[in-house]
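If you count the sequence shown from 1, you need to add 59 to reach our numbering.
Cβ coordinates follow ideal geometry from the N, Cα and C atoms, glycine included.
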Amino acid sequence: MQPAQRTHAFGESTIREMTRLAIQHNAINLSQGFPDFDPPAEIMDAAVAAIRSGANQYAITWGVPALRNKLAEHYRSTLGWDVDPDVHVTVVCGVTEGIAAAFTAVLEPGDEIIILEPAHENFYPTAIMTGAKPVAVPLQASAYRFDPERVEAAITPRTRAFLLNTPHNPTGRVFDEGEVQAVIDLVLKHN
Numbered sequence: 060m061q062p063a064q065r066t067h068a069f070g071e072s073t074i075r076e077m078t079r080l081a082i083q084h085n086a087i088n089l090s091q092g093f094p095d096f097d098p099p100a101e102i103m104d105a106a107v108a109a110i111r112s113g114a115n116q117y118a119i120t121w122g123v124p125a126l127r128n129k130l131a132e133h134y135r136s137t138l139g140w141d142v143d144p145d146v147h148v149t150v151v152c153g154v155t156e157g158i159a160a161a162f163t164a165v166l167e168p169g170d171e172i173i174i175l176e177p178a179h180e181n182f183y184p185t186a187i188m189t190g191a192k193p194v195a196v197p198l199q200a201s202a203y204r205f206d207p208e209r210v211e212a213a214i215t216p217r218t219r220a221f222l223l224n225t226p227h228n229p230t231g232r233v234f235d236e237g238e239v240q241a242v243i244d245l246v247l248k249h250n
């Protein structure tokens, strides 16, 4: 069986390739989080207690109600948002699943999504799987700041989304309030 045509654009996983090279050269693998220490004892004890509590069945698909309620309350108390945990909160297994769900919800085939470079390796194939076209906008060297003018220059009539993740993956940079506001302003201007 031949793989689907859309998978031809994916290429090899950078993390997988770096792991292979680290093993081959007996090097320290910095491509993934491989800590050389255990999690804190309290975390491990809490995990064991949760397993022993008997709550070991599949949760409803949008997440455990108690967790969704806590998340909604957090956003109400910290940001003043009116968040309904049954309508506005979905708990996912990890960021890749969350990104895939978000992209699938907003992107149509032929849409464009602006992605800041460097970018996590899963952002591009996830966008491509929706039929969208990723558009790279490089961050400014050394400080990893983005230039709102460069972002605006990348916006076309087909632009449907702008991916801003903070802390930025892979750089770790936390975008400041001014940068976030610049994104909000661009979205409102071009929406």
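Between I173 and V196, the gap from beta carbon to beta carbon is short of 8 Å. Listed in chain order, the alpha helix (DSSP H) elements of length 4 or more contained wholly in the region 180 to 250 are 182 to 188, 207 to 213 and 236 to 249.
Assignment of beta strand (DSSP E) within the region 108 to 179, counting only whole runs of 3 or more residues, yields 171 to 176 in chain order. Under the Cβ criterion (8 Å, minimum of three pairs), the region 178 to 188 does not count as touching the region 231 to 250. DSSP places D104 in the helix class (H, G or I) of the three-state scheme.
Taking the Cβ atoms as the reference, A161 lies roughly 18 Å from P144, outside the contact range of under 8 Å. Between V148 and G169, the C-beta gap is not smaller than 8 Å, which leaves the two residues out of contact. If you check the CB distance, R135 and V150 do not come in under 8 Å.
Of I119, I243 and R65, the smallest CA-CA separation from A220 is found for I243. Around the Cβ of A241, a 10 Å sphere holds 16 or more other Cβ atoms; the residue is buried. Residue burial annotation: P216 is exposed, with fewer than 16 other C-beta atoms found within 10 angstroms of its C-beta.
Between Q91 and T78, the C-beta gap is smaller than 8 Å, which places the two residues in contact. Comparing alpha-carbon positions, the option among P226, E236, N228 and E211 lying closest to N250 turns out to be E211.
Taken through DSSP and simplified to helix, strand or coil, H84 comes out as coil. Taken atom to atom, the span from the alpha-carbon of M103 to that of I110 is near 11 Å.
With at least 16 other beta carbons inside 10 angstroms of its own, L166 counts as buried. Look at Q64 here: in three-state DSSP terms it is helix. By a beta-carbon distance limit of 8 Å, V239 does not contact A213. Their separation comes to about 18 Å. By the criterion of a C-beta distance shorter than 7 Å, A100 is surrounded by no residue of its chain, once the five residues flanking it on both sides are discounted.
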